[in-house]
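Enquirer:
In the numbering used here, the protein residues as written are 25 to 691.
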C-alpha cells in the first residue's frame, strides 16, 4: 500500500534482454538505450540517468536485475515502451502522464502499480502473479482483465468506463474501489477476504456478497439498487446506501452498525446518527427504519482519532481526539521509538487538542490520548506519529555573473540530519545530474560555480535529504554568464570646447559595445548615435559643450551569447560660460551690475578690472560687492568711466575660463 510514497532514486540499473525482438536495437552484451527500445525521449532519459551506472548507453544484465522501483510520475511521458525489460521491478509509479496504453505483462515480479490519471484505454497485467496493488483510476478503460493476478489485494479502478468487472480468481482481494463507472451488476463472492468495497455512482441493480463475511465498509450510494442482502456481512461497520430506490433495508445481521447514511432515500428511513468505537479500529455507522429504537447511552468511545503529523523543524504539530461518554478526562502520552509510554506534562496534555513543538529530538515520536470517564473506565486512541520533514524556506535565485567570476547558489532549509546534493540541468530543467565533486559546495548549502560562457543557461537545484531519507528539491535557478568589465570608464571634468573621452575594457567572446547617455541622474537612458564618435566602440569621444554639463554616460557590453553587462555610470562636467556679462552705461551715483552664468562643478568667481585696454588686469577686492560671486555690483563714479571688467571662473579641478570683457560708461 502506498499511503505515503517517498520517492527513492534507484542507483543501480536494469538486466539485459534475453532475446532480440524483431526490429529492436541491441547493444553488445545488453539492451541499447536508444529510440528503438525506448521510443519516449523523457522515459529514455530517465532510464539513462538512473540505471546506466557505467554510462555506456546500454543496460547490462546486472544493471537490469538491480532495478526494483521505477518512478516516473508527472513527467509528460506518452509511452512506457521498454518497461518490459525490467522483469525484476517490484514497484511502478507512472501517474499523471500522457499514456494511452500500458503493458506490464512481462514484469512478473511487479507488486505495486500506480498508473492513475493518464487517459489510458488499455492495461495489460496478465501474468503479473505477484501483483498486490493496482491504482488505475481516472483513465478510460472499458474493460479490465485481472484474472491473471491471483495475489491482488487492492484494486482502485474508479472513474473509468467499465460496464462489468470479473473478479474470478481474486481470492486475496481485500479492498475494491470501482465507483464512477457504468457497472450494472457486481459479484464479489470470489473475494472472501474483502473488507472494503466502494462501488458508488454506477448503474448497479444487484450485488452478490456471498461468502464476504469479513466485509467492514460498504459504499454503494447512487446506484439502482432496490434491495440489499446483508445476510453474509455480519461484521459490517460502515454502510452508505444513499441515493438508491430502496423501499426496505434489513440490517438485522449487521450487529456492529450504529449508523447508515440514507440521505436521498425514502422518508421511511431514520437518519439519526451516532459514532462509537467499541474496541475496534473502525468507526461504526448505522441507519435503520423508524420502528427500531437506538440508544447509545453514555458509552465511552473514541469517535475521532488523532492523525499522523508531518511538520517542518520547530513547527507546531497538532493532534486532536474526540470521544463520547460522561465526565471525560484526557491525558496525552508520548513514546520514543525505543521507549515506553509516558504521560506528557505539556500545557495542552489534558485537553482534546494537543500541541507540541516539532523539535529535532521528537522526530519519530508517537502520541496517543488516554480518555477516562466518570466511572474510571478508560480507552486509548490510536498512536499518531510525528515526522519532521525537510522544509526549504529559501530557494536558490537566478545568478548573473561576469565571465571568470564565481556564481553562488544558496538554499536554506530546516530539518533533522540534513544532507545537501546540488544538481545541474543543461536542458532547462527537464533532466538533472549531480554536479561534480570538483565544484566547491557541491554537498553544502552554498554551491560555487566559476562562470564560463559554456555554462550559460544552465540551471542548478539542490536535493535536501533528512535523516528519514525524505528528500525535497529546491526550485531551479538559472546561471547567466555576461561579459566581464576589466577597466571602467572615468568621470571627465574639462572646459568647454575640448573633447572628453570615455573608455571601457572587457573580456568575453564576440563583444559589441553601445554607449548610452542621460541628461541627469533622474533621466532615462538613450543610445548614443553615430553623431557621437565611438558610440559603438570601446572608446567614446564627446564634444564638451556647456549644454552637456552633468550628462551621464555608460557602456553596454554584449557577448556572442546575447548577454549584456553595463559599465559604471560616469559624468561629464563642463566648465564654461553660458551667459556673458554685458557692458553698462549709467549716470554718476547709480549702481552698475555685471552678471555671468557658468556651468561646472565647485565653481569659484573672481572679477577683474582695468582702467583701459592698455592697462594690466587687477583683481577686484572686497570693496566691490560681489567681487567673488557671479554678479558684480559697481558704483558709477566719474573716474570709473571707461573701466573694463571680466570674470574668471574656476572649477574644483582647477580648470579656468574667462568671460568676455565688458565696459562701464559713466555720464
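Heads up, the beta-carbon is just placed ideally off N, CA and C, and yes, glycines get one too.
For the region 364-382 against the region 460-479, do three or more pairs of beta-carbon atoms, one drawn from each stretch, fall closer than 8 Å, so that the two count as touching?
Expert: no
Enquirer: Please report how far the alpha carbon of residue 641 lies from the alpha carbon of residue 685, in whole angstroms.
Expert: 11 Å
Enquirer: Put residue 351 into one of helix, strand or coil per three-state DSSP.
Expert: coil
Enquirer: Of all the options 364, 255, 370, 352, which has the alpha carbon lying nearest to the alpha carbon of residue 403?
Expert: 352
Enquirer: Answer yes or no: do residue 690 and residue 680 have a C-beta to C-beta separation smaller than 9 Å?
Expert: Residue 680 sits away from residue 690, with the two beta carbons spaced by 9 Å or more.
Enquirer: Looking at the strands, I want to know which residues DSSP matches up with residue 392.
Expert: Beta-bridge analysis with DSSP links residue 392 to 357.
Enquirer: For residue 555, list the residues DSSP reports as bridge partners.
Expert: Under DSSP, residue 555 takes part in no beta bridge, so it has no partner.
Enquirer: Distance check for residue 264 and residue 285, CA to CA, integer angstroms please.
Expert: Unreliable placement is indicated for residue 285, whose pLDDT of 33 sits below 50; no coordinate value is reported for it.
Enquirer: What residues in its chain sit with their C-beta under 8 Å from that of residue 182, if we drop five residues either side in the sequence?
Expert: 161, 162, 201, 202, 203, 204, 205, 222, listed in sequence order.
Enquirer: Give me, in chain order, the residues of the same chain whose beta-carbon lies closer than 6 Å to that of residue 677; leave out the 5 immediate sequence neighbours on both sides.
Expert: 517
Enquirer: Would you grab the beta carbon distance between residue 340 and residue 371 for me? Rounded to a whole angstrom, and I think it's under 8 Å.
Expert: Not confirmed; about 13 Å, so no contact.
Enquirer: Is the beta carbon of residue 405 sitting closer than 9 Å to the one on residue 326?
Expert: yes
Enquirer: Since residue 131 and residue 145 should fall inside the 8 Å C-beta cutoff, what is the C-beta to C-beta distance between them, to a whole number of angstroms?
Expert: Actually they are not in contact, since the Cβ atoms of residue 131 and residue 145 sit about 20 Å apart, beyond 8 Å.
Enquirer: For residue 87 and residue 133, what's the separation of their Cα atoms in angstroms?
Expert: 16 Å
Enquirer: Have a look at 329, 431, 211, 490 and flag the residue whose alpha-carbon is nearest the alpha-carbon of residue 393.
Expert: 329
Enquirer: Verify the contact flag: residue 523, CB atom, against every heavy atom of the ligand GDP, threshold strictly below 8 Å.
Expert: The model depicted lacks the ligand GDP and carries no ligand whatsoever.
Enquirer: Relative to the alpha-carbon of residue 500, which residue among 419, 667, 210 has its alpha-carbon at the smallest distance?
Expert: 419
Enquirer: Grab me the residues of residue 567's own chain with a C-beta within less than 7 Å of its C-beta, minus the 5 sequence neighbours each way, in chain order.
Expert: 523
Enquirer: First and last residue of the alpha helix (DSSP H) that includes residue 73?
Expert: Run containing residue 73: 65-75, per the alpha helix (DSSP H) assignment.
Enquirer: Compare the Cα-Cα distances from residue 665 to each of 632, 651, 609 and report the closest residue.
Expert: 609
Enquirer: For residue 88, report the span of its alpha helix (DSSP H) as first-last.
Expert: 85-89
Enquirer: Please state whether DSSP places residue 373 in a helix, a strand or coil.
Expert: coil
Enquirer: Determine the contact status of residue 186 and residue 199, defining contact as a CB-CB distance below 9 Å.
Expert: no
Enquirer: Measuring alpha carbon to alpha carbon, tell me which of 465, 250, 650, 139 ends up nearest residue 100.
Expert: 139
Enquirer: Jot down the residue ranges of each uninterrupted beta strand (DSSP E) in the region 458-492, minimum 3 residues, whole runs only, in chain order.
Expert: 470-474, 483-489
Enquirer: Let me know if residue 694 comes out buried or exposed under the rule of 16 or more other beta-carbons within 10 Å of its beta-carbon.
Expert: Any property of residue 694 remains undetermined from this structure, which presents the chain solely from 25 to 691.
Enquirer: Does the beta-carbon of residue 103 have 16 or more other beta-carbons within 10 angstroms, so that it is buried, or is it exposed?
Expert: buried
Enquirer: Rank 117, 453, 226 by C-alpha distance to the C-alpha of residue 209 and give the top, closest one.
Expert: 226
Enquirer: What's the C-alpha gap between residue 449 and residue 504?
Expert: Those two C-alpha atoms are separated by around 13 Å.
Enquirer: Alpha carbon to alpha carbon, what distance is there between residue 465 and residue 596?
Expert: Cα to Cα, residue 596 sits roughly 44 Å from residue 465.
Enquirer: For residue 239 and residue 259, which I take to be in contact (beta-carbon distance under 8 Å), what is that distance rounded to the nearest angstrom?
Expert: 7 Å
Enquirer: Can you check whether the CB of residue 455 is closer than 9 Å to the CB of residue 24?
Expert: Not covered by the structure: residue 24. The range shown for the chain is 25 to 691.
Enquirer: In chain order, what residues of the same chain lie with their CB nearer than 6 Å to the CB of residue 47, ignoring the 5 residues before and after it?
Expert: Bear in mind that a pLDDT of 34 at residue 47, under 50, signals an unreliable position, so the model cannot answer this.
Enquirer: Only counting the same chain, and skipping five residues up and downstream in sequence, which positions put a Cβ closer than 7 Å to that of residue 429?
Expert: 475, 508
Enquirer: From the DSSP output, which residues share a beta bridge with residue 138?
Expert: 117, 159
Enquirer: In its own chain, which residues sit with a C-beta less than 8 Å from the C-beta of residue 551, not counting the 5 before and 5 after it?
Expert: 538, 539, 540, 559
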